[in-house]
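Residue numbers (the working numbering): 10 to 269.
As structure tokens, this is what we get:
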């Protein structure tokens, strides 16, 4: 494991939810509602990550979307650029959304069920590999990045926020559990991981207005409740806390890409 990879793993370990909190949690706090990741016609295409992927795909090519969700990280590139889209996700509901969104756009698609890089050996390579908003969930990051690169004929595009994606929940953790959350790892450390893997990463930063979670108020309260390991009886407190302590208007997004 590289030195940046060790630092990444240590920093992610600090984000673990303390076991006493997990033991009383009514539900798994890390399961994502598929509705939040649904691809739509207004998915942005004029972003640094999309531009990087389009440049690597031109004039056409296949794309492998690791942690594909509903396909927002790849499918908006369209059938003109994408000859085939391959999605990898651990939730079947996400794969179903990916297939539906691809069909709506007229893009040939298939998907693999499982976690990356565990399913890398059974996943076909593609011209371009994209991976958006996934790496903060990955502790053995060196192996993860190596598998992304080995599956890309032309290049890899990774998108991640500068700070941990759940950092916006930090005031809520403090409010409900008196729990201080860490500040690392960061996108800067991920760039060091890519360099340690022997790649020459290009980095572009942008500020993006946070995408609406596609959940109504009650659904969003339920999502926050699950993430914070709270019971349904606390919903009125959660709703009040969201109004005052939950900040997610703008996020610094970092695009890291390299040629393979």
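Glycine included, C-beta positions come from ideal geometry on N, C-alpha and C.
Residues that residue 140 bridges to, as DSSP identifies them: By one-based count along the chain shown, residue 140 stands at place 131. According to DSSP, residue 140 bridges with 167.
Mind checking whether residue 13 and residue 232 have CB atoms under 9 Å apart? Translated into positions along the chain shown, residue 13 becomes position 4. Translated into positions along the chain shown, residue 232 becomes position 223. In this structure, residue 232 does not lie closer than 9 Å to residue 13 by Cβ.
Should the stretch 87-99 be called in touch with the stretch 30-38, which here means at least 3 C-beta pairs below 8 Å? Touching, no, given that fewer than three Cβ pairs across the two stretches are closer than 8 Å.
Taking the straight line between their C-alpha atoms, what separation do you get for residue 240 and residue 226? What you label residue 240 is simply residue 231 of the chain shown in a count that begins at 1. What you label residue 226 is simply residue 217 of the chain shown in a count that begins at 1. Rounded to whole angstroms, residue 240 to residue 226 spans 17 Å at the Cα level.
Separation of residue 235 from residue 206, as counted between CA atoms: Position 197 of the chain shown, counting from 1, holds the residue named residue 206. Position 226 of the chain shown, counting from 1, holds the residue named residue 235. About 36 Å.
Roughly how many angstroms separate the alpha carbons of residue 61 and residue 91, rounded to a whole number? Looking up residue 61 in the chain shown gives position 52. Looking up residue 91 in the chain shown gives position 82. Computed Cα separation, rounded: 14 Å.
Is it buried or exposed, residue 192, if we count other Cβ atoms within 10 angstroms and call 16 or more buried? Translated into the one-based positions of the chain shown, residue 192 becomes position 183. Around the CB of residue 192, fewer than 16 other CB atoms lie within 10 Å, so the residue is classed as exposed.
Report the residue ranges of all alpha helix (DSSP H) runs contained in full by the stretch 69-127; include only those spanning at least 4 residues, in chain order. 101-113
Thinking residue 201 and residue 139 are a contact (beta carbons under 8 Å), I'd like their distance in whole angstroms, please. Locating residue 201 in the chain shown gives position 192, counting from the first residue. Locating residue 139 in the chain shown gives position 130, counting from the first residue. Incorrect: roughly 21 Å between the Cβ atoms, too far for contact.
Could you give the residue range of the alpha helix (DSSP H) that holds residue 26? Your numbering for residue 26 matches position 17 in the chain shown. Element bounds for residue 26: n/a, residue is neither H nor E.
Can you round the beta-carbon distance between residue 182 and residue 172 to whole angstroms, since I take them to be within the 8 Å contact cut? On the chain shown, residue 182 is found 173 positions in, with the first residue counted as 1. On the chain shown, residue 172 is found 163 positions in, with the first residue counted as 1. The Cβ separation is near 14 Å, so there is no contact.
Can you give me the C-alpha to C-alpha distance between residue 162 and residue 70, rounded to a whole angstrom? Along the chain shown, read from residue 1 onward, the residue named residue 162 stands at position 153. Along the chain shown, read from residue 1 onward, the residue named residue 70 stands at position 61. Spanning the two alpha carbons is a distance of roughly 10 Å.
Spatial neighbours of residue 208 in its chain, beta-carbon cut-off 7 Å, leaving aside the 5 residues before and after: As a working note, residue 208 is residue 199 in the chain shown. If we look at residue 208 and ignore the five residues flanking it on each side, its Cβ neighbours are 158 and 267.
Please determine, among 168, 127 and 129, the residue with the shortest C-alpha to C-alpha distance to residue 145. Numbered from 1 along the chain shown, position 136 holds the residue referred to as residue 145. It is 168 whose Cα lies nearest to the Cα of residue 145.
Pull up the CB-CB distance for residue 264 and residue 213, whole angstroms please, since I reckon it's below 8 Å. Your numbering for residue 264 matches position 255 in the chain shown. Your numbering for residue 213 matches position 204 in the chain shown. The pair is a contact, with the Cβ atoms about 5 Å apart (cut-off 8 Å).
Within the present structure, is the beta-carbon of residue 153 separated from the nearest heavy atom of the ligand MN by less than 8 Å? Ligands in the displayed structure: none, and consequently the ligand MN is not present.
For a test of the three-state rule: what should DSSP assign to residue 245, helix, strand or coil? Stepping through the chain shown from its first residue, residue 245 is reached at position 236. Residue state, collapsed to three classes: helix.
Quick one: measure Cβ to Cβ for residue 254 and residue 180, integer angstroms, because I've assumed they're closer than 8 Å. Residue mapping note: residue 254 aligns to position 245 of the chain shown, counting from 1. Residue mapping note: residue 180 aligns to position 171 of the chain shown, counting from 1. Sure, about 4 Å apart at Cβ, within 8 Å.
Hey, how far is the Cα of residue 77 from the Cα of residue 83? Along the chain shown, read from residue 1 onward, the residue named residue 77 stands at position 68. Along the chain shown, read from residue 1 onward, the residue named residue 83 stands at position 74. When rounded, the distance between both Cα atoms is 8 Å.
Thinking C-alpha only, which one of 119, 166, 151 and 143 is nearest residue 132? In the chain shown, counting from the first residue as 1, residue 132 sits at position 123. Here the closest residue by C-alpha is 119.
Could you give the DSSP three-state label for residue 12: helix, strand or coil? Residue 12 sits at position 3 when you count from the first residue of the chain shown. Three-state DSSP puts residue 12 in a helix.
According to DSSP, which residues form a beta bridge with residue 234? The residue you call residue 234 lines up with position 225 of the chain shown. In the DSSP output, where bridge partners are listed per residue, residue 234 has none listed.
How should residue 58 be labelled, buried or exposed, when 16 other C-beta atoms within 10 angstroms of its C-beta is the threshold for buried? As a working note, residue 58 is residue 49 in the chain shown. Looking at its Cβ environment, which holds 16 or more other Cβ atoms inside 10 Å, residue 58 is buried.
Among 66, 105 and 106, which residue has its Cα nearest to the Cα of residue 87? The count along the chain shown starts at 1 and reaches residue 87 at position 78. It is 66 whose Cα lies nearest to the Cα of residue 87.
Distance check for residue 154 and residue 203, CA to CA, integer angstroms please. Start at 1 with the first residue of the chain shown, and residue 203 comes out as number 194. Start at 1 with the first residue of the chain shown, and residue 154 comes out as number 145. Straight-line Cα distance between these residues: approximately 7 Å.
When DSSP builds the beta bridges, which residues end up paired with residue 265? Counted from its first residue, the chain shown places residue 265 at position 256. 167 and 212, per the DSSP bridge assignment.
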